[in-house]
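Colleague: Chains A and B are the protein sequences, given in the same order.
Residue numbering for the first sequence follows the UniProt record's numbering, starting at 1 and increasing by one per position.
Residue numbering for the second sequence follows the UniProt record's numbering, starting at 1 and increasing by one per position.
A virtual CB, placed ideally from N, CA and C, is assigned to each residue, including glycine.
The structure displayed is predicted, hence computed values, not measured ones.
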Amino acid sequence: MDFLEGNLELRERQRLEGHTDRVWSLAWNPATGVCGIPAMLASCSGDKTVRIWQQGPSGSWDCSAVLEDNHTRTVRSCAWSPSGKLLATASFDATTAIWECVGGDFECVATLEGHENEVKSVSWDASGSLLATCGRDKTVWIWEMQPGNEFECVSVLQGHTQDVKMVQWHPFMEVLVSVSYDNSVKIWAEDGDSDDWHCVQTLNEASSGHTSTVWAVSFNSNGDRMATCSDDLTLKIWDTSAKASETSGSSCGSWRHLCTISGYHDRTIFSVNWSRDGVIASGAADDAIRLFFESKDNSVDVPSYKLLLKKEKAHDMDVKLSAMESKGT
Amino acid sequence: MEPKASDTDDFLESTVLLDEAQYEEGFKDGYNDGLGLGKEEGREVGLKLGFQVGEELGFYRGCVDVWSSAIRVDPGAFSARLRKSIEQLGELVDKYPLSEPENEQVQEMMNTMRLKFRVISAMLGVRLEYEGYPKSSETDVVDF
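#1: Applying the 10 Å Cβ sphere with the 16-neighbour rule, what's the burial state of Q55(A)?
#2: Quick check: what's the CA-CA separation for V66(A) versus M166(A)?
#3: If you count every other CB in all the chains shown that lies within 10 Å of the CB of I37(A), and 16 or more means buried, which is it?
#4: In its own chain, which residues sit with a C-beta less than 7 Å from the C-beta of T32(A), not counting the 5 before and 5 after it?
#5: Looking at E116(A) and D137(A), is the spacing between their C-beta atoms short of 7 Å?
#6: Between W215(A) and C199(A), is the Cβ-Cβ spacing less than 7 Å?
#7: Identify each residue in the stretch 105–125 of chain B for which the Cβ-Cβ distance to at least one residue of chain A is less than 7 Å, and report them in chain order.
#8: Whose Cβ in chain A lies nearer than 7 Å to the Cβ of R81(B)?
#9: Does DSSP classify E102(B) as helix, strand or coil?
#10: On the DSSP bridge list, what partners appear for Q201(A)?
#11: Report all residues from its chain with a CB closer than 6 Å to the CB of E68(A); omit the five preceding and five following residues, and keep chain order.
#12: Strictly under 7 Å for the Cβ-Cβ distance: is G114(A) near chain B by that measure?
#13: Determine the burial state of T213(A): buried for a count of at least 16 other Cβ atoms within 10 Å of its Cβ, exposed for fewer.
#14: Do S77(A) and V23(A) have their C-beta atoms closer together than 7 Å?
#15: At 3 residues or longer, and completely inside the UniProt repeat "WD" (16–54) of chain A: list those beta strand (DSSP E) runs for me, N to C.
#16: From R267(A), Q158(A), A288(A), A189(A), pick the residue whose C-alpha is nearest to that of M173(A); which is it?
#17: Grouping DSSP H, G and I as helix and E and B as strand, with all else coil, what is K84(B)?
#18: In angstroms with no decimal places, state the Cα-to-Cα distance between R276(A) and E113(A).
#19: Per DSSP, which one or two residues make a beta bridge with V126(B)?
#20: Could you list which residues in chain B have their beta carbon closer than 7 Å to that of Q158(A), in chain order?
So, in structure tokens, the structure goes:
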């Protein structure tokens with residue numbers, strides 16, 4: 001599908017109602033929506049619950065489960081393991097719960113404690129054996145899954161000087177990215193196999209980085225690009241094709257700034273998401289969703305991105321998270 | 001006017017040099033007082049800081065000793081990673097340069113120990129906290 005041709009429209013298919021407080025985040029179950037398995041979505045909310053939604057045979061979505069009576073405060077973020085069998089939920093109550101889907105019902109099989117206060121984000125690595133969490137206590141924690149759904153803390157990473165908003169693993173490398181209220185993006189990698197994780201690169205203002213809080217990060221499906229969004233009203237695209245571990249120990253990093261998408265947003269950009277088809281979606285404080293796509297302009301060396309469409313009033317309030325569905329072709 | 005040691009006949013000398021003499025005496029008194037006060041305060045601060053550092057190190061040493069004993073009794077109850085971390089914390093405590101308070105690396109070493117302690121506590125599933133532990137800032141409360 002050539003996104004750059006013709007008029008594009010974003011149409012609301014259905015409004016999922018059920019949560020009794022704001023919905024902070026959602027996540028598509030990666031093992032669903034293909035091979036005849038109905039698509040499944042998890043949403044987490046300020047009402048302290050997580051709701052599971054499934055697409056029925058008629059195409060409409062219903063709430064198939066409510067994960068409640070566990071978190072004692074807002075559930076801020078959720079993430080499915082690559083196998084789709086486990087769901088991690090991160091909460092302001094400083095814990096991260098791990099849920100297992102057992103015949104349609106969800107059971108909490110582990111609770112990860114350690115953060116001093118609100119956990120803001122959780123992310124599984126490509127192998128499904130490592131989990132990363134981050135929070136207001138400025139730290140990033142890495143956990144390893146053991147047999148029997150046990151989780152062991154591998155490392156606590158310090159480096160950010162403020163609240164860490166989001167963590168995201170690279171789609172296939174054992175490399176972790178964290179973004180923060182301190183305006184920087186940090187890249188973390190392990191030294192060999194020693195549980196010795198450290199920051200191999202920091203992308204800040206000096207490296208053409210953001211000049212205000214960085215709220216989110218998203219990799220493209222190839223893993224050679226990543227997009228970050230910020231309170232500074234820009235989206236930045238980074239070249240992430242180099243293996244971060246090659247430069248571990250040296251102060252010069254290997255991921256670099258490619259371009260900045262500016263002038264399209266006039267309010268804080270809270271979320272960014274890169275779809276499998278290469279469309280970048282942004283959600284901002286002006287209640288609008290914007291879609292961008294790389295324009296094939298051969299006269300310049302750096303890639304440039306065009307605005308495909310802007311959907312205003314997409315939500316009644318700030319658009320905090322947009323997640324792109326991965327549809328099988 | 002230059003004071004001349006040989007000029008003892010100048011009856012005006014002591015008058016003329018009065019303010020200088022007073023100044024010198026005042027300075028000597030003040031300096032000695034300051035020296036005394038400074039030493040007092042220095043000793044107090046040093047004692048306090050030394051006590052704080054010692055107490056925290058002692059706390060970690062105590063924890064490591066208990067955990068190491070438990071490991072000896074039942075090694076299987078602790079995962080390899082946990083055993084290694086406890087060992088590493090013990091090494092860090094041993095390596096801390098107690099007699100070099102001006103060593104620039106002591107702050108970093110302390111931070112490394114605190115971090116290691118947090119990791120071990122998380123692995124053990126206990127909410128252990130050293131009372132003197134400075135918590136991360138409570139002041140920024142942007143709840144997003």
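Modeller: Taking the coordinates as given:
#1: buried
#2: 24 Å
#3: exposed
#4: P38, A39, M40, G84
#5: yes
#6: no
#7: L115, R118, V119, A122, M123
#8: E152, D195
#9: coil
#10: I187(A)
#11: T49
#12: yes
#13: buried
#14: no
#15: 23–28, 40–45
#16: A189(A)
#17: helix
#18: 33 Å
#19: Paired residues: none, contrary to the question.
#20: L115
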